[in-house]
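Taking it in order: structure first as structure tokens, then the write-up.
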Amino acid sequence: MNRAYNFAAGPSMLPLSALTAAAEEMTNFRGSGMSVMEMSHRSKIYLEIFDETVALLRELMAIPDDYEVLLLQGGATGQFAAVPLNLTVRGSADYVDSGNFAAGAAKEAAKYTNVNIVASSKADNYTYIPTIDPEKLNPQADYLYITTNNTIFGTRYTRLPEAQVPLVADMSSNILSEVYDVTKFGAIIAGAQKNIGPAGVVVVIVRKDLLGNAQKITPKIMNWQLMAEANSMVNTPSTYPIYMAGLCLKWLKEQGGVAAIEKVNIEKAKLLYDYLDESRLFHPVAQKEFRSRMNVTFNTGDPDKDAAFVKAATGAGLLNLKGHRLVGGMRASIYNAMPIEGVKALVDFMKQYEAEVAHHV
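The sequence shown begins at 0 in numbering that gives the first Met the number 0 and counts up by one.
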């Protein structure tokens, strides 16, 4: 069976070269006589894998030495609590409510600090990134929290907000897809299962001067300072997903790095949005100015027609196009590992499908 084009929002498509390398090394990693998933996380051979993965991430994102890079568990959702637990000093934080995960992060943070929602697009079902009124920002806040790409609703920040306090970003669904200046952030969190590797790892990039302020109630596996001191190994890390992430990062480096893949991602998104803007059957959901390059949301305006299209696309090897239940319609997640051929195949199929539907009307 040929591999399908998998448009899932996460866990999502991985580079074929990474999967092939993992298959070849599954039972005997580099002559060790063991699978990576059988290795002690403290062993010399595994620590080399771990350190290489961190080094690749640092190189690809140009992460300065004054930032820690942690590979942890619990996903971005776990970090919704870890962020306020680690960064609360004065007792309040500003949050932008731009989607489901942004709202979830704010709700979780409110258990541990005073949360101030400085902007929200909820009233318009999150079809855009809301503008922050500077008057609403608290100059004494411990941090300003944003979600750079909204997976469910298909929107992204095209410009980062000006922040007088540390900027914290959940980059789960667009990390490594476009160039960011890490020094503009106090901390970055990102679940792995979209652009980094398989599920099971969350990356935390945090400026070192922000460490050491964890609340007393912070569980030790959520304490960034303790994790930094222990090389992310206060407990046993997700050893195999970290190894897989390393393979995916090697692939990204071979593509020319983040700047090179960003150009491809712009081209992929343009192909799909250009068609959607011309289509009479399919309609893009997110407002044009804020469209995500990673998660393209669209619909026909009729749930039955949406379902019929998803079924037909699945039969054609174009998988997981059903939209999230909060939005409905369709969503094509076109992360780094989705080749441009996959997007072309989707557009070609949609054109053919639209023509057939029009013919039968």
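Glycine included, each C-beta is placed from N, C-alpha and C at the ideal position.
R324 and F152 have their alpha carbons spaced roughly 11 Å apart. In chain order, E67, A186, W223 place their CB closer than 6 Å to the CB of V205, counting only its own chain and leaving out the 5 sequence neighbours on each side. The alpha carbon of T235 has as its nearest neighbour, out of G73, M33, L246, S11, the alpha carbon of G73. Under the three-state reduction of DSSP output, S171 falls in the coil class, being neither helix nor strand. Contact annotation: L345 and L317 have beta-carbon atoms nearer than 8 Å. The beta carbon of I188 lies closer than 6 Å to those of A75, Q78, D169, V203 in the same chain, with the five residues before and after it left out. Assignment of A307 by DSSP, reduced to helix, strand and coil, places it in the helix class. Between F100 and T146 a beta carbon distance of about 6 Å is seen, short of the 8 Å cut, so the two are scored as contacting. For the pair V114 and V95, the CB atoms are not nearer than the 8 Å cut-off.
Here the region 80–98 makes no contact with the region 53–62; the two share fewer than three CB pairs at distances below 8 Å.
Restricting attention to G9, G196, S91, H40, the CA atom closest to the CA of L136 is found in S91.
By the CB criterion at 8 Å, A336 and L86 fall outside the cutoff. Under DSSP, K321 shares a beta bridge with M329.
In the same chain as A7, and ignoring 5 residues on each side of it, the C-beta atoms closer than 8 Å to its own belong to L318, N319, S332, in chain order.
Residue burial is scored here from C-beta neighbours: K321 has at least 16 other C-beta atoms within 10 angstroms and is therefore classed as buried. Excluding residues up to 5 positions away in sequence, F79 lie with their Cβ nearer than 6 Å to the Cβ of A104 in the same chain. Proximity to V326 across T154, P133, I62 peaks at T154, based on C-alpha coordinates. In the DSSP assignment, E67 falls outside any alpha helix (DSSP H) and within the unbroken beta strand (DSSP E) covering 66–71.
Nearest Cα to T150 within the set Y144, S172, Q139: S172.
Take Y156, set aside five residues on each side of it, and the residues of its chain with a beta-carbon closer than 7 Å to its own are I128, I145, T147, in chain order. Residue burial annotation: K43 is exposed, with fewer than 16 other C-beta atoms found within 10 angstroms of its C-beta. With respect to the C-alpha of Q163, the residue from E177, S176, E253, E134 having the closest C-alpha is E134. Restricting attention to A306, G245, I174, the CA atom closest to the CA of N294 is found in I174.
The closest CA to that of D301, considering only K310, L280, A315, is found on L280. Linking M329 to N212 through their CA atoms gives a straight-line distance of about 43 Å. A distance of 8 Å or more separates the beta carbons of T217 and M38. Taking the Cα positions, L70 is about 50 Å away from A357.
Rounded to the nearest angstrom, the Cβ distance from T126 to A285 is 6 Å, consistent with a contact under 8 Å.
In the three-state DSSP reduction, V295 falls in the strand class (E or B). When the five nearest sequence neighbours on each side are left out, the beta carbons in the same chain lying within less than 8 Å of the beta carbon of M25 are those of S34, in order along the chain.
Shown here, V201 sits in a strand according to DSSP, grouped into three states. Per DSSP, the unbroken alpha helix (DSSP H) holding I260 starts and ends at 256–277. Going by beta carbons, C247 and A3 fall outside the 8 Å limit. Within the DSSP secondary-structure output, Y94 pairs in a beta bridge with I116, Y144. Within 10 angstroms of the beta-carbon of T296 lie 16 or more other beta-carbons, which makes it buried.
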